[in-house]
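Below is one structure; the comments refer to it alone.
Protein chains: 2
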Amino acid sequence: MKSTIPEAGAPIALPACGNGSDRPEVSLHGEILARLRDYMVEGNIPDGARVPERQLCEMLGISRTPLREALKVLAAEGLIDLLPNRGARVRKLGKGDIEELFDVMAGLESLAGRLACEIITDDEIGAIERLHYEMYGYYLHRDMHGYFQVNQRIHESIVAAARNETLTTTYANFAGRIRRVRYSANFARKRQRWADAMREHEAILDALRRRAGGELSDILFQHLRNKRTAAIEHLAEGDEAAPADTPRAG
Amino acid sequence: MKSTIPEAGAPIALPACGNGSDRPEVSLHGEILARLRDYMVEGNIPDGARVPERQLCEMLGISRTPLREALKVLAAEGLIDLLPNRGARVRKLGKGDIEELFDVMAGLESLAGRLACEIITDDEIGAIERLHYEMYGYYLHRDMHGYFQVNQRIHESIVAAARNETLTTTYANFAGRIRRVRYSANFARKRQRWADAMREHEAILDALRRRAGGELSDILFQHLRNKRTAAIEHLAEGDEAAPADTPRAG
DNA sequence: AAGGCAAAAAATGAATGCAAAATTTGCAGC
DNA sequence: GCTGCAAATTTTGCATTCATTTTTTGCCTT
Chain D
1 MKSTIPEAGA PIALPACGNG SDRPEVSLHG EILARLRDYM VEGNIPDGAR VPERQLCEML
61 GISRTPLREA LKVLAAEGLI DLLPNRGARV RKLGKGDIEE LFDVMAGLES LAGRLACEII
121 TDDEIGAIER LHYEMYGYYL HRDMHGYFQV NQRIHESIVA AARNETLTTT YANFAGRIRR
181 VRYSANFARK RQRWADAMRE HEAILDALRR RAGGELSDIL FQHLRNKRTA AIEHLAEGDE
241 AAPADTPRAG
Chain P
1001 MKSTIPEAGA PIALPACGNG SDRPEVSLHG EILARLRDYM VEGNIPDGAR VPERQLCEML
1061 GISRTPLREA LKVLAAEGLI DLLPNRGARV RKLGKGDIEE LFDVMAGLES LAGRLACEII
1121 TDDEIGAIER LHYEMYGYYL HRDMHGYFQV NQRIHESIVA AARNETLTTT YANFAGRIRR
1181 VRYSANFARK RQRWADAMRE HEAILDALRR RAGGELSDIL FQHLRNKRTA AIEHLAEGDE
1241 AAPADTPRAG
């Protein structure tokens, strides 16, 4: 397993790939649900704040009935908490919740890697290789935003390669839940961690090429574990997770 | 790793442990949801059949609004399909769906085993050991029902030992989805498979005792994979999965 | 002036009503 | 006798309405 990763710096030009945002929802209810979910995931409502039914109703131009149906679903998905007679609140992710979510994500990606090794095609591996080198370019450029974007697509590609719709859906659900914590902001301040992550990605690609399922499973788990540690450290020194129930917007 | 498993037969007396069915739901809506979920999981409605809103309403003594909210949640959980303007149908699990579900379950248990090895206490291992020997007793007795019951409790104990609420919830969700397929009926007709399963369980216990996370992860995945194969074979020779949209009750 | 209590206001949870879509039924034509 | 089409019935989806609970506001008491 070769590893030729410098500590970053050289100029390499790589075009950014535009990603198409698919939304295969057709029913009206599904549309409302997707919009609300995006609204939550994008963090338009502060952690732990009340979700005002009426306000959202007029914002979406619908009555309370379909909105409440959507809220029930979002609660089942874990994005909000539904307190009886006391309304919906955006679920406030504490340190423990984030650890749990990262671990489950680690398990799902670990599984995806194992399954992918059984059926992945050379073409699919080729596509992931291209993404890998694109990401490497962003790494050398120190372009964190581009890096994370491609990084995410690599992980999504591995999940997709497992060809398990149930897994893909579940993975997307947890990814949405965790997206609220902006770990991507500057969690890779530690230069060392960034370089480590690149090396781990090389190991991932290597195991994938060899279709070494069990090995890839271990590597992916450890990779996500390291991400988890970095994220926890980040929010420990940055904005404290869940400073209290202080709705900064009212 | 010792393995002293005969092909079954000797008489051993073991008392059956009663399990308490917890239902910590407090809100009315949660109650309705849980009841409906049980109703679905228990298979009171045939695969692919329409779910009559009105009928369920009077059955539960509620109006359509809360029922429809519950249906939306059940759809999000994957128990039913919600076709626009055409009502709810019990999700019909084809062979592919079952394979997918088993694989995801395998991934989750695999993860649970890995996590459990990091933090499990000797007492918890002891409890699992006791369950293991209890199950061994059922195996020797050829008591399939008791065997499966304890088997399930062992797997649940491993998941619980991971101390990850998110994982536990997700696991329970998938377990519920798959419970509709009654693979427990007689899928272990193959004596050989049953003996293999017992041996795998010994390996699980062994890895757990040694806190060998990665190893346990592999064993659990393979164990579930074998279960999957057995289940698929079972429904291939038994009642064909999804014989068609023939509601045998109307 | 601070704390507590009661009334008003708002919000939630559930039932009912209504328009649109789908399914069923009945009938005409071949 | 069977097929195809249109009216009637049922069902779905959403809006509105009502009862109950919570939250806020204002006033009274200490």
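Heads up: the sequence lines are chains D and P, in that order.
Last residue of the first sequence? That's 250 in my numbering, and every number before it is there in order.
Last residue of the second sequence? That's 1250 in my numbering, and every number before it is there in order.
Beta carbons: idealized from backbone N, C-alpha and C, even for Gly.
The continuous beta strand (DSSP E) containing R89(D) extends over residues G87 to V90. If you draw a 10 Å sphere on the C-beta of I1032(P), you find 16 or more other C-beta atoms in it, and that means buried. Per the C-alpha coordinates, the member of T1229(P), L1205(P), I1098(P) and N1085(P) positioned closest to S27(D) is N1085(P).
By DSSP's assignment, D1047(P) forms no beta bridge with any residue. T1229(P) has a beta carbon lying at 8 Å or more from every beta carbon in chain D. With its beta carbon less than 8 Å from one in chain P, E69(D) belongs to the interface. Between the region 158-166 of chain D and the region 1091-1105 of chain P there are three or more C-beta pairs closer than 8 Å, enough to call the two in contact.
Positions of the alpha helix (DSSP H) runs, each at least 4 residues long and wholly inside the region 69-154 of chain D, are given as 95-119 and 122-141 in order along the chain. Taking 8 Å as the upper bound for CB-CB distance, L208(D) and I125(D) are in contact here, some 6 Å apart. Close to chain D, meaning a Cβ-Cβ distance shorter than 9 Å, are the following residues of the region 1100-1111 of chain P: E1100, L1101, D1103, V1104, A1106, G1107, L1108, S1110 and L1111. R180(D) is outside the set of residues whose beta carbon lies under 8 Å from a beta carbon in chain P.
In chain order, H29, L33, E69, A70, K72, V73 and A76 make up the part of chain D whose C-beta sits under 9 Å from the C-beta of K1072(P). Cβ-Cβ separation between M1040(P) and L1079(P): approximately 5 Å, consistent with a contact (criterion under 8 Å). Shown here, A1162(P) sits in coil according to DSSP, grouped into three states, outside any helix or strand.
Beta-carbon to beta-carbon, I1219(P) and E1200(P) are separated by about 7 Å, close enough to satisfy the 8 Å threshold. When DSSP states are grouped into helix, strand and coil, V1181(P) belongs to the coil group. For a Cβ distance threshold of 7 Å, nothing in chain D lies close to G1087(P): the least Cβ distance comes to about 12 Å. Per DSSP, E1042(P) lies in no alpha helix (DSSP H) and is assigned neither H nor E.
Around the beta carbon of K1227(P), 16 or more other beta carbons lie within 10 angstroms, which makes this residue buried. In chain order, E100, D103 and V104 make up the part of chain D whose C-beta sits under 8 Å from the C-beta of N1164(P).
I1045(P) and A197(D) have their C-alpha atoms spaced approximately 50 Å apart. For the set G94(D), C57(D), R225(D) and E77(D), the Cα lying nearest the Cα of D47(D) is the one of G94(D).
Against chain P, the beta carbon of R114(D) has neighbours under 7 Å at F1221, listed in chain order. Comparing alpha carbon positions, the residue from A230(D), E42(D) and R68(D) closest to R54(D) is R68(D).
Listed along the chain, the chain P residues whose CB falls inside 9 Å of the CB of L167(D) are E1100, D1103, V1104 and G1107. Taking 8 Å as the threshold, the shortest C-beta distance from S217(D) to chain P falls below it. Per the coordinates, the alpha-carbon of M144(D) lies some 20 Å from the alpha-carbon of S157(D). Remark: C-beta atoms of E1099(P) and H1155(P) do not approach each other more closely than 8 Å. The beta-carbon of T1170(P) is placed less than 8 Å from the nearest beta-carbon of chain D. Secondary structure at I1232(P): helix, using DSSP grouped into helix, strand and coil. Ranked by how close their Cα comes to the Cα of A76(D), the residues G1061(P), H1029(P) and L1115(P) have H1029(P) in first place. G1214(P) belongs to the set of residues whose beta carbon lies under 8 Å from a beta carbon in chain D. The three-state reading of DSSP puts P1052(P) in coil, since its state is none of H, G, I, E or B.
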